[in-house]
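K.L.:
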Amino acid sequence: SQKIEQNSEALNIQEGKTATLTCNYTNYSPAYLQWYRQDPGRGPVFLLLIRENEKEKRKERLKVTFDTTLKQSLFHITASQPADSATYLCALGASGGYNKLIFGAGTRLAVHP
Amino acid sequence: EAQVTQNPRYLITVTGKKLTVTCSQNMNHEYMSWYRQDPGLGLRQIYYSMNVEVTDKGDVPEGYKVSRKEKRNFPLILESPSPNQTSLYFCASSRGGTNEQFFGPGTRLTVL
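Chain order of the listed sequences is A and B. Using the numbering used here, read the first sequence as starting at 188 and increasing by one per residue. Using the numbering used here, read the second sequence as starting at 90 and increasing by one per residue.
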């Protein structure tokens, strides 16, 4: 069955450093991958989308890579700030019309001053 | 302001007492979904709708019903709630295509 793995342990980093979160998947060939941010008690908020034919995508301090051979996406936050502390979810989607997204359980990031 | 709203935000009920969680979006999105979020399991889709009067099951539809009589509204109905439906519920809407989801604020449901 399809499976998405995100590190269940929290990632603790120092302010100013680069945070790197991992999303691995098996038994799936996604057409695109999305990353969301979720703050406690709130709904997820869309951050970035990367398609299967794209290796890298950037948005301000965020960078996402997508390696369909390794079946892995990396999500980077450069110059991290305490305000970046949240849970980050990855989601995989197929192509063609509406296809449901499959979400990972998320990784909690804590950026310490 | 573009948004998805859900009501109620918090609900404590007892086993077997029918309840409805409302969801409304003001972005004219065709697609709407309901998810539940449980610790360690991530977001799991309950039902989705591709348009008015078009709905389909997601991964965990048992014990839930939905309807889509208007484009903007997508209520979630629990006819006979049970304790295993205690969870955090999110409604979401999207345009389709690459399916960027716009989530509501969530409804925390406790079934005693």
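We treat Cβ as the ideally placed atom computed from N, Cα and C, and that holds for glycine.
Taking a contact to mean a Cβ-Cβ separation below 7 Å, would you say A:Gln189 touches A:Tyr219 in this structure?
P.N.:
In the first sequence, residue 189 of chain A corresponds to position 2, counting from 1. In the first sequence, residue 219 of chain A corresponds to position 32, counting from 1. No, the Cβ-Cβ distance between A:Gln189 and A:Tyr219 is not below 7 Å.
K.L.:
State the start and end residues of the unbroken beta strand (DSSP E) segment that holds B:Arg157.
P.N.:
On the second sequence, position 68 is the one that residue 157 of chain B refers to. From DSSP, B:Arg157 is part of no beta strand (DSSP E); its letter is neither H nor E.
K.L.:
B:Glu189: beta carbon under 6 Å from a heavy atom of the ligand GDP?
P.N.:
Inclusion of the ligand GDP in the displayed structure is not the case, the ligand content being empty and no account of it being possible.
K.L.:
Going by Cα to Cα distance, which pick from A:Phe233, A:Pro231, A:Leu236 and A:Ala270 is closest to A:Leu296?
P.N.:
For the purposes of this step, residue 296 of chain A is identified with residue 109 of the first sequence, where counting begins at 1. It is A:Ala270.
K.L.:
Could you pull the start and end residues of the beta strand (DSSP E) that B:Gln126 belongs to?
P.N.:
One-based indexing of the second sequence puts residue 126 of chain B at position 37. That run of the beta strand (DSSP E) goes Tyr120 to Asp127.
K.L.:
How about the segment 122 to 131 of chain B and the segment 177 to 184 of chain B: do they share at least three Cβ pairs that are nearer than 8 Å?
P.N.:
Yes, they touch.
K.L.:
So B:Gln134 contacts chain A; which residues on that side make the cut at Cβ distance below 9 Å?
P.N.:
The residue you call residue 134 of chain B lines up with position 45 of the second sequence. Those are Lys287, Leu288, Ile289 and Phe290, listed as they occur along chain A.
K.L.:
Quick check on DSSP: helix, strand or coil for A:Ala270?
P.N.:
Numbered from its first residue, the first sequence carries residue 270 of chain A at position 83. Looking at A:Ala270 - three-state DSSP - the assignment turns out to be helix.
K.L.:
7 Å is my cut-off, CB to CB: does B:Glu189 come that close to chain A?
P.N.:
As a working note, residue 189 of chain B is residue 100 in the second sequence. B:Glu189 counts as touching chain A.
K.L.:
Can you tell me whether B:Pro97 is buried or exposed, with buried defined as 16 or more other CB within 10 angstroms of its CB?
P.N.:
By one-based count along the second sequence, residue 97 of chain B stands at place 8. That one is exposed.
K.L.:
Tell me where the beta strand (DSSP E) around A:Glu192 begins and ends.
P.N.:
Residue numbering aside, residue 192 of chain A sits at position 5 when the first sequence is read from its first letter. Start and end: Lys190 to Gln193.
K.L.:
Check whether chain B comes within 7 Å of A:Leu235, counting only Cβ atoms and requiring the distance to be less than that.
P.N.:
For this step, residue 235 of chain A is matched to residue 48 along the first sequence. Output row for A:Leu235: interface = no.
K.L.:
Return the chain-ordered list of same chain residues with a C-beta closer than 8 Å to the C-beta of B:Val143, the five sequence neighbours on each side being excluded.
P.N.:
Within the second sequence, numbered from 1, the residue matching residue 143 of chain B stands at position 54. Result list for B:Val143: Arg157, in chain order.
K.L.:
Looking at the strands, I want to know which residues DSSP matches up with B:Ala181.
P.N.:
To locate residue 181 of chain B, count along the second sequence from 1; it is residue 92. Paired residue(s): B:Ser122 and B:Phe192.
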